[in-house]
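Novice: Here's a structure for you.
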Amino acid sequence: MLIFSQSLFSQDFWVKTNFPTDNSSLFSIYSIIENNTNEILVGTFAKGIFKTTDNGVAWSESGLNNMWITSLAKDNSGNIYAGAIGSQFGSGIFKSIDDGTTWTKIFEIETGINKVYVSSENEIYIGLNYTSEQSGIYYSSDGGNNWQKIFNESENVYTIIKLNTGRVLAASYGKIYYSDNNGINWQITSSGLTSSTPSSFAINSENKIYLATLGYGIYESNDSGVNWTNKTGAGWEYSDLEIDNNEIMYASTRGNWVYKSDDNWNSSVLINSGMGQDKYVLDLYIDKKGYLFAGMDYYGFYRSNTPVVVSLENDNLLPSFYLSQNYPNPFNPSTSIDYSLPSNDYVNLKVYDVLGNEVAILVNEQKQAGNYRVSFDGSKLPSGIYFYSIQTGRFYQVRKMLLIK
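According to the working numbering, the sequence shown is numbered sequentially starting from -3.
Shown next as structure tokens:
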């Protein structure tokens, strides 16, 4: 897999926030969510929930103090659900109807809570560790008022996703269970998978499903989760996956920062500048303003210096910022790149080789709102893979192109 280091760009990608960590595991961040008032909430290992209203400059406690918050999720009405473990309030699922200010326990659970997942239909799925007392998947269709067990296998359920076809996928060690009737019947597959611990599902607009694992890479399925192909090879412990509205995917790792890919993990970019060395990233989140957040094990909370996508708060802006795939691609010796700006902005459009060396500056000036096309001449360059990036005050994106002579 090709790795292209983001640290070679001039501006650090990451900035560390003022999250009140003491560099101990007590403040490790396991889950991140944004409430309806644009506050960012983070769930910690043993200090409950904290929130910030200003992208991490100031923080305050937001309930469930001294609890281990393993997972956070939000429904379409803005209700927030937390999987919490601890003696202070008793382990279970907690619900907040006021953006995380107060919490009410809606389900008592004594075993480990791996995942709280809310579907687009506001259905709640809880994935548990296996114990003799309580295990499997519990399900609620009414906001947590009533629960039923829909998965009875003696398995740890690490993560869950529901497809737009109605199929539910539940990932266990080295295998995937799937149900097309919401848990009445389950089928099992391990086709293409190795014996590894899964950590996170993600799905793109083409309905390709991605599964991150601890130690055996990222897998892709093109058939609703039945068969899987490893995209990255074994090695890194991938802890979380996020996909932005430009179809760029981000993967966090335990020990080697964050990677991103715009070609379904055929290649990836290491984005580590500003984060330091050997950081254990446990969770990723993209907020409505387009910022990427990273919750760490021991070492606090990081935010991207600039939004990775156009603000999600104003949908009519989404088509306006745009960086096209170059055409033709592959090319020899020249190719065209289109980009669009919704407002006046300073634009940097550059080309890099696979080692991160800058080979061309295509645009470096103030531009008016509008659509633009630039040409890139690779006649003096050797054949190979190149990357081009655009950066403005509110937008950043990298794409890959191939020069074949």
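The beta carbon of each residue, even a glycine, is placed where N, CA and C say it ideally should be.
(1) Can you tell which of K227, G229, N262, Q393 has its C-alpha closest to the C-alpha of Y287?
(2) Could you pull the start and end residues of the beta strand (DSSP E) that V359 belongs to?
(3) Taking the continuous beta strand (DSSP E) assigned at N367, which residues delimit it?
(4) Please tell me whether G188 and W224 are closer than 7 Å, where the distance is taken between their beta carbons.
(5) Mind pulling the beta strand (DSSP E) runs of 3 or more residues that sit fully within the stretch 276 to 342?
(6) Please identify the residue among N353, A365, V114, P324 whose C-alpha is closest to the C-alpha of I400.
(7) Quick check for students: name the residue ranges of the beta strand (DSSP E) that lie wholly in the stretch 161 to 189, counting only runs of 3 or more.
(8) Label Q387 either buried or exposed according to how many other C-beta atoms from any shown protein chain fall within 10 Å of its C-beta, with 16 as the threshold for buried.
(9) DSSP has P194 in a bridge; who is on the other side?
(10) Do I282 and D341 have their CB atoms nearer than 7 Å?
(11) So is I184 buried or exposed if we call it buried at 16+ other beta carbons inside 10 Å?
(12) Any idea what DSSP makes of F383, helix, strand or coil?
(13) Can you look up L159 in the DSSP assignment and give me helix, strand or coil?
(14) DSSP state of L237, grouped into three classes?
(15) Just to confirm before moving on: does the CB-CB distance between I28 and D279 stay below 7 Å?
(16) Could you check how far apart the C-beta atoms of Y154 and W143 are, in whole angstroms? I think they sit under 8 Å.
(17) Would DSSP call L398 helix, strand or coil?
(18) Mind checking who Y215 pairs with in its DSSP beta bridge?
(19) Tell me, which residues are paired with S248 by DSSP?
(20) In angstroms with no decimal places, state the Cα-to-Cα distance between K346 and I333.
(21) For the beta strand (DSSP E) that S92 lies in, which residues bound it at each end?
(22) Kindly indicate which residue of N34, V38, D8 has the alpha-carbon position closest to the one of Q290.
(23) Just how far apart, CA to CA, sit P16 and S269?
(24) On a CA-only basis, which of I76, S320, S191 is nearest N367? Give me that one, please.
(25) Pick out whichever of G59, R369, T97, Y113 has its Cα sitting closest to the Cα of S196.
(26) What does DSSP give as the partner residue(s) for Q144 in the beta ladder?
(27) Roughly how many angstroms lie between the CA atoms of G211 and G162, to the nearest whole one?
(28) How big is the Cα-Cα spacing for G179 and I146?
(29) Whole angstroms are fine: how far does the CA of G374 sit from the CA of L308?
(30) Which stretch, first to last residue, makes up the beta strand (DSSP E) that contains N110?
(31) Does L60 come out as helix, strand or coil in the three-state DSSP assignment?
(32) If you follow the beta strand (DSSP E) that V38 is in, where does it begin and where does it stop?
(33) Go ahead and pull the three-state DSSP assignment for F23.
(34) Look up N344 in the DSSP assignment and give the residues it is bridged to.
(35) Can you check which of these residues, G52, N32, G108, is closest to N72 by C-alpha distance?
(36) Please classify P303: is it buried, with 16 or more other beta-carbons within 10 angstroms of its beta-carbon, or exposed?
Specialist: Result, derived from the coordinates:
(1) Q393
(2) 354 to 363
(3) 366 to 373
(4) yes
(5) 277 to 282, 288 to 292, 297 to 300, 330 to 337
(6) P324
(7) 164 to 168, 171 to 175, 183 to 185
(8) buried
(9) T209
(10) no
(11) exposed
(12) strand
(13) coil
(14) strand
(15) yes
(16) At roughly 20 Å, the Cβ-Cβ gap does not stay under 8 Å, so Y154 and W143 are not in contact.
(17) strand
(18) L207, N226
(19) D236, V254
(20) 11 Å
(21) 88 to 92
(22) Note that residue 290 is Ala in the sequence shown here, rather than Gln. Measuring from the Cα of A290, the nearest candidate turns out to be V38.
(23) 22 Å
(24) S320
(25) Y113
(26) Y135
(27) 30 Å
(28) 5 Å
(29) In this prediction, L308 scores a pLDDT of 49, lower than 50, which makes its location untrustworthy; no coordinate-derived value is stated.
(30) 109 to 114
(31) coil
(32) 36 to 40
(33) helix
(34) N360, Q387
(35) N32
(36) buried
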